[in-house]
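When the letters of the sequence shown are read in order and numbered with the working numbering, they come out as residues 17 to 525. C-beta atoms are modelled at their ideal positions from N, C-alpha and C, and glycine is treated no differently.
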Amino acid sequence: MDDLRFLVVYGLLAGVLFASIRKALHDPKLDSIPIVGSSGFLSSYRDALKFIHHAPELIQRGYNQYPDGIFRIARLFRWEYVVAGPRLIKDIAGAPEHVISFTEGVAETIQTKYTMGRDIAENDYHQQAIRTSLTRNLHACFPDVRDEIICAFDDVLQLQGSEWKSITVVPSMMAIVARVSNRLFVGLPLCRNKAYLANNVEYTVDVIRSAGRISLFPPFLRPLIGPFISGHLKSFRTAIKFVGPILEERLKKEEELGPDWPGKPNDLISWLLEIAEGEQRTVNALALRILSTNMAAIHTSSLTFTQALFDLTTHPEYFLPMREEAERVIKEEGWTKAALNSMVKIDSFFRESQRVNNFGPLGMPRRVGAKEGFRFSDGTVLPEGSYLSVAVLATHIDDSKYENATTFDGFRFSRERTEHTEHHTPGNNQDIFKRQMISTAVDHLPFGTGKHACPGRFFAATELKAMMAHLVINYDVEAEVKGVRPPDRVFGAMISPNEAGKVRFRKRQ
17 MDDLRFLVVY GLLAGVLFAS IRKALHDPKL DSIPIVGSSG FLSSYRDALK FIHHAPELIQ
77 RGYNQYPDGI FRIARLFRWE YVVAGPRLIK DIAGAPEHVI SFTEGVAETI QTKYTMGRDI
137 AENDYHQQAI RTSLTRNLHA CFPDVRDEII CAFDDVLQLQ GSEWKSITVV PSMMAIVARV
197 SNRLFVGLPL CRNKAYLANN VEYTVDVIRS AGRISLFPPF LRPLIGPFIS GHLKSFRTAI
257 KFVGPILEER LKKEEELGPD WPGKPNDLIS WLLEIAEGEQ RTVNALALRI LSTNMAAIHT
317 SSLTFTQALF DLTTHPEYFL PMREEAERVI KEEGWTKAAL NSMVKIDSFF RESQRVNNFG
377 PLGMPRRVGA KEGFRFSDGT VLPEGSYLSV AVLATHIDDS KYENATTFDG FRFSRERTEH
437 TEHHTPGNNQ DIFKRQMIST AVDHLPFGTG KHACPGRFFA ATELKAMMAH LVINYDVEAE
497 VKGVRPPDRV FGAMISPNEA GKVRFRKRQ
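Here it is in structure tokens:
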């Protein structure tokens, strides 16, 4: 603990030094970009410290002043350029990777080199498997998803009789999502191994927590500090113990029988082997990709479901209509991937929950990589090395974009879809599609938009809607304290649901 305090104090002192350097290297060409907060030497650093616990308020203040422009927010060791308005968001969404890099923007956000490893930071080829093979196989794999949801809810909740039971939501949903996801990643029986699943969950938590801590230190200290803060090497060694033998067997079978050998499992391991080349076709390299994919799946899906569950128990009037819809659709179409598309109220509920419960006030992180900088359509130019992001949460609660934008309206989008169907020509489904959970737009950015929209959103939506349909059909739920929603946790640019928040469950009566 004393060592950690020393490192924090040392990091803050180093940050003051870094701020001095930043002041000395001031670029007058950027003076036209307004600053939200102070521009003074020490006062801007004070604002950067304020950002750690009050980022949403600072971003909202900037958005209110510049709803269709670019403004600057002081971070501990750099300026953050925040973009607002559909025109400029489209500029970011359509820009090539070599001009403004999404990969480098994310690397700065979650400190990828130190929390996940340099290989992941420099080559994210596994995203291709998520974007293509996983998405393409969702229909074929849905029976496995459905089976694992049933078993996971039973095993994690462990409800008896008709008694109510208080469940701590975040760890419970992480456990369920880990099981369901790994049914498609590594299959049975490993997807039900408690030690294997616990390692994936611990790794997920460690990546996010370590990223926040490492970000408190100036860039030149991170290579020294990062390895002591992050536990990713420990998680990797544990993962190898579980997936190593499976990967060795798969590689051996491919070598002996070819890539399309009889009985080849339809899972993430196979999908990775289809595209991995050279040094990526090793046990260690493949295990790292599986661990990384777990982190993304567990973090986003479990927190999204948690927020939706908190919304459902805070607004219980949505529960019975969602139950009725799920039962009707299942009776007509059965438990299929296609049936989920007919659950428009459940889909709408998730889309609305994502709208008002973003993972942070900022999104779509980028780093300018082009030597000549990046020119926006309004003429603003950001120089090479600049970090920028979009004011996502402020966009989502803008009354000019959504009616009563700050009010939670669970069936907002299903109602819009119904109204559109009643007043437009049959067969014109484009506008209906725009209102689905998986759809992205410049005013709806939980999954980003454009070239780097989340490739796993199709799997996430399938998994989450199937989980919610299962929940509303088989369980009764209520808030731990009636009408009270557990407060979110804010740290820097990250907003997460309350880790101690509870919801009461019982078997359906």
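Residue burial classification, residue i (beta-carbon count within 10 angstroms, cutoff 16)
i	result
LYS467	exposed
PRO502	buried
ILE37	Low confidence applies here, because ILE37 scores a pLDDT of 49, under 50, leaving its location unreliable and the question unanswered by this model.
ILE511	buried
ILE89	buried
ALA516	exposed
HIS114	exposed
GLN176	exposed
PRO205	exposed
LEU41	No answer about LEU41 holds up, because its pLDDT of 45 lies below 50 and its placement is not dependable.
GLU265	exposed
PRO462	buried
GLU479	buried
MET17	Unreliable positioning characterises MET17 in this predicted model, as indicated by a pLDDT of 47, which lies under 50. A coordinate reading is not provided.
PRO332	exposed
LYS518	buried
GLN174	exposed
ARG152	exposed
THR316	buried
ALA211	exposed
VAL500	exposed
Distance CB(residue i)-CB(residue j) smaller than 7 angstroms
i	j	result
PRO483	THR322	Checking the displayed sequence, the identity of residue 483 turns out to be Met instead of Pro. The answer is no: Cβ separation not under 7 angstroms.
LYS347	SER430	no
THR131	SER226	yes
VAL458	PRO239	no
GLY133	PRO381	no
SER117	GLY389	no
VAL377	PRO72	Checking the displayed sequence, the identity of residue 377 turns out to be Pro instead of Val. Closer than 7 angstroms, so yes.
ALA342	VAL488	yes
GLY526	GLU368	Past the edges of the chain, shown from 17 to 525, lies residue 526, and the structure says nothing about it.
GLY78	VAL99	no
ALA355	VAL345	yes
VAL196	ALA168	yes
ILE68	GLY472	no
VAL259	ILE314	no
GLN127	ILE224	no
ASP63	SER54	yes
THR396	ILE136	no
PHE366	MET453	yes
LEU288	LEU302	yes
Identified DSSP bridge partners for residue i
i	result
MET510	PHE507
GLU96	ILE89, TYR403
LYS181	PHE521
TYR79	Bridge partners of TYR79: none, in fact.
GLU494	ARG520
ILE51	ARG88
ASP378	Reading the sequence as shown, one finds Leu at residue 378 and not Asp. DSSP output for LEU378 lists no bridge partner at all.
PHE390	LEU398
ARG383	SER117, TYR403
ALA457	HIS460
Whole-number beta carbon distance between residue j and residue i, since they are thought to touch under 8 angstroms
i	j	result
ASN357	TYR219	Not a contact, Cβ separation roughly 33 angstroms.
ALA407	ILE413	Not quite, the Cβ-Cβ distance comes to about 10 angstroms (not below 8 angstroms), so this is no contact.
ASN282	CYS157	7 angstroms
ALA109	THR465	5 angstroms
SER178	ARG520	Actually they are not in contact, since the Cβ atoms of SER178 and ARG520 sit about 13 angstroms apart, beyond 8 angstroms.
LYS481	ASP394	Contact flag wrong, Cβ pair sits at about 39 angstroms.
LEU232	LEU92	7 angstroms
PRO15	PHE335	The structure shown has nothing for residue 15, since the chain only spans 17 to 525.
ARG94	TYR403	6 angstroms
TRP351	ARG162	5 angstroms
VAL497	PHE424	No, VAL497 and PHE424 are not in contact; Cβ-Cβ is about 18 angstroms, not under 8 angstroms.
CA nearest to the CA of residue i, picked from the options
i	options	result
PRO9	ARG367, ASN374, ARG391, ASN300	Shown here, the chain extends from 17 to 525; a query on residue 9 therefore has no answer.
GLN143	PHE475, LEU273, HIS486	PHE475
GLU164	TRP180, ARG371, ALA194, ALA324	ALA194
ILE192	ILE166, ASN215, LYS129	ILE166
ASN215	LEU249, HIS460, PRO234, LEU302	LEU249
THR320	PHE375, GLU96, ALA495, SER251	PHE375
Short CB-CB distance (under 7 angstroms) between residue i and chain C
i	result
LEU267	The displayed structure is made up of one protein chain only, and chain C is not part of it.
Near the ligand MG: residue i beta-carbon under 6 angstroms from a heavy atom
i	result
THR131	Here there are no bound small molecules, and the ligand MG is not part of this structure.
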